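Everything on this sheet refers to the single structure shown next.
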Amino acid sequence: MKIQSFHEPDSGTWTHLLADPVRQRAAIIDPVWVYDPVSGLADATFIDQVLEEASQAGLQIDWVLETHAHADHLTAADLIRKRTGAKIACSAGICGVQKNFVQVFNMMETATDGSQFDLLLRDGDVISLGDIDICVIATPGHTGDSITYLAENAAFIGDTLFAPSFGTARCDFPGGDAAQLYESIMKLYQLPGDTHLYLCHDYPKDDKVPLCRVSVEDSRQNNIHIRADTGREEFIAMRKGRDSQLSLPRLILPSLQVNILAGAAPESDDNGVPYLRTPFNRMITDLIKGET
């Protein structure tokens, strides 16, 4: 098994290329499609680099694996599917995410059955990648649809944990739950200590090199938000307190509209141009809560 990790600096996101080099099959986990909200332009240069690495190694991309519906960057899943024929997999919990956000953005003609994806996954499911078995672990909390992909001694954990110095992800979006996040992290802490936890984000400071992975033992001992001995109520109180002070992600509006469609652009208008929607003079948080 071989893993290559690619850091997209604008969103601080890691995209991982997981491969069986003998069978020459590969999966891309949490691919980023770089988007400029000022110009409205999407740039495929970053994901092109990932695909070029795969091509140079003679790898066939079988899967695009999403750990959850991201709210801070656009996924390149559909772009990869169109170029390579790969199938897109995500949690079956995406249906709940879709139901929330088609209402927020008034996208009422959008299907909310997950049919934009090729495979909907549940806890305990196994995906085959060459001779590698990828086991699905439900790890809700950051979002209701968050899952972890475990392949041998590597776990791709999405936003369930960050680097030990950065802690954990927010839980204040629809489907998020601090108590569930605690239980999910404790589930990951039951993995062998030398298991590599591959991160979805890192935000290094002072020109430090971003971390793409940490060990279970390192996180158990050193995570600033939750160690192995951190109590449930202590964590929940900390997480809720932090979440109440956080601002919204810069790309939340475009990200959610595209990501619930597996990375496809919205339907084009009658002029042939697809448009993203921005609520005018209304906070998305108010729309999520159903306030008028």
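Numbering follows the numbering used here, with no gaps: position 157 of the sequence shown is 168.
All C-beta atoms in this analysis are idealised placements derived from N, C-alpha and C, irrespective of residue type, glycine included.
Nothing here was measured: the structure is a model prediction, and the numbers come from that model.
*Can you tell me the Cβ-Cβ gap for L132 and S157, rounded? I've got them flagged as a contact below 8 Å.*
Position 121 of the sequence shown, counted from the start, is the residue given in the question as residue 132. Position 146 of the sequence shown, counted from the start, is the residue given in the question as residue 157. No, L132 and S157 are not in contact; Cβ-Cβ is about 11 Å, not under 8 Å.
*If you count every other CB in all the chains shown that lies within 10 Å of the CB of L264, and 16 or more means buried, which is it?*
By one-based count along the sequence shown, residue 264 stands at place 253. Answer is buried; the Cβ neighbour count reaches 16.
*D2 - partner residues in DSSP beta bridges*: A question about residue 2 goes unanswered here, because the residues of the chain that appear run from 12 up to 303.
*Whose C-alpha, out of P221, V220 and Y193, is nearest the C-alpha of D240?*
For this step, residue 240 is matched to residue 229 along the sequence shown. The option with the nearest alpha carbon to D240 is Y193.
*Helix, strand or coil: how does DSSP classify C146 here?*
Counted from its first residue, the sequence shown places residue 146 at position 135. Reduced to three states, the DSSP call for C146 is strand.
*Can you give me the Cβ contacts of Q191 inside the same chain, cut-off strictly under 7 Å, excluding the 5 residues immediately before and after it?*
One-based indexing of the sequence shown puts residue 191 at position 180. Same-chain partners within the cutoff: P151 and G152.
*Just checking, does the region 270 to 283 make contact with the region 73 to 85 on the three C-beta pairs under 8 Å criterion?*
yes
*Since F173 contacts D213 with CB under 8 Å, what's their CB separation in whole angstroms?*
Taking the sequence shown and counting its residues from 1, one reaches residue 173 at position 162. Taking the sequence shown and counting its residues from 1, one reaches residue 213 at position 202. That pair is a contact at about 7 Å.
*asked:* Using only the alpha-carbon positions, how far apart do R92 and V49 sit?
replied: In the sequence shown, the residue the question calls residue 92 occupies position 81. In the sequence shown, the residue the question calls residue 49 occupies position 38. So the two alpha carbons sit approximately 27 Å from each other.
*State the DSSP-derived secondary structure class of Q35, mapped to helix, strand or coil.*
Counting from 1 along the sequence shown, the entry for residue 35 is found at position 24. In the structure shown, Q35 sits in coil (DSSP, three-state: anything other than H, G, I, E or B).
*Could you tell me the distance, in whole angstroms, from the CA atom of L70 to the CA atom of D297?*
Numbered from its first residue, the sequence shown carries residue 70 at position 59. Numbered from its first residue, the sequence shown carries residue 297 at position 286. For L70 and D297, the distance between alpha carbons rounds to 45 Å.
*So, helix, strand or coil for Q127, using DSSP?*
For the purposes of this step, residue 127 is taken as the residue at position 116 of the sequence shown. The answer is coil: DSSP assigns Q127 none of H, G, I, E or B.
_Contact defined as beta carbons within less than 8 Å: I believe L262 pairs with H84. What is the distance between those atoms, to the nearest angstrom?_
The sequence position of residue 262 within the sequence shown is 251, counting from 1. The sequence position of residue 84 within the sequence shown is 73, counting from 1. The pair is a contact, with the Cβ atoms about 6 Å apart (cut-off 8 Å).
*asked:* Could you compute how far the alpha carbon of R253 sits from the alpha carbon of R181?
replied: What you label residue 253 is simply residue 242 of the sequence shown in a count that begins at 1. What you label residue 181 is simply residue 170 of the sequence shown in a count that begins at 1. The straight-line gap from Cα to Cα measures roughly 8 Å.
*asked:* Residues in the same chain with beta-carbon distance under 7 Å from G178, minus the five sequence neighbours each way, listed in chain order, please.
replied: For the purposes of this step, residue 178 is taken as the residue at position 167 of the sequence shown. Cβ within range, chain order: N234, I235 and H236.
*First through last residue of the alpha helix (DSSP H) which encompasses F246*: As a working mapping, residue 246 is identified with position 235 in the sequence shown. Start and end: R243 to D254.
*Verify whether the separation of the beta carbon atoms of T4 and I39 is less than 8 Å.*
The displayed coordinates of the chain run from 12 to 303. Any statement about residue 4 would go beyond what the structure contains.
*Residue environment, P32, which counts as buried when at least 16 other CB atoms sit within 10 Å*: As a position in the sequence shown, residue 32 is number 21, starting the count at 1. P32 should be labelled exposed.
*S16 versus I58, R34 and G51, residue with shortest Cα-Cα distance*: Along the sequence shown, one-based indexing puts residue 16 at 5. Nearest of I58, R34 and G51 to S16, Cα basis: I58.
*By the 10 Å Cβ neighbour count, where 16 or more other Cβ atoms means buried, how is D218 classified, buried or exposed?*
In the sequence shown, the residue the question calls residue 218 occupies position 207. Exposed, because fewer than 16 other Cβ atoms sit within 10 Å of the Cβ of D218.
*Reducing DSSP to helix, strand and coil, say where S279 ends up.*
The count along the sequence shown starts at 1 and reaches residue 279 at position 268. Three-state DSSP puts S279 in a strand.
*Residue range of the alpha helix (DSSP H) that includes T95*: Residue mapping note: residue 95 aligns to position 84 of the sequence shown, counting from 1. Its alpha helix (DSSP H) spans residues A88 to T95.
_Output needed for Y160: all residues of its chain with C-beta closer than 6 Å, excluding positions within five of it in sequence on either side, in chain order._
For the purposes of this step, residue 160 is taken as the residue at position 149 of the sequence shown. Once the five neighbours on either side are set aside, the close Cβ partners of Y160 are L76, I145 and F167.
*Kindly indicate which three-state DSSP category E63 falls into: helix, strand or coil?*
Counting from one through the sequence shown, the residue named residue 63 turns up at place 52. Helix.
*Output the distance between the C-alpha atoms of R238 and V227, rounded to the nearest integer angstrom.*
If you number the sequence shown from 1, residue 238 lands on position 227. If you number the sequence shown from 1, residue 227 lands on position 216. Distance between the alpha carbons of R238 and V227: 10 Å.
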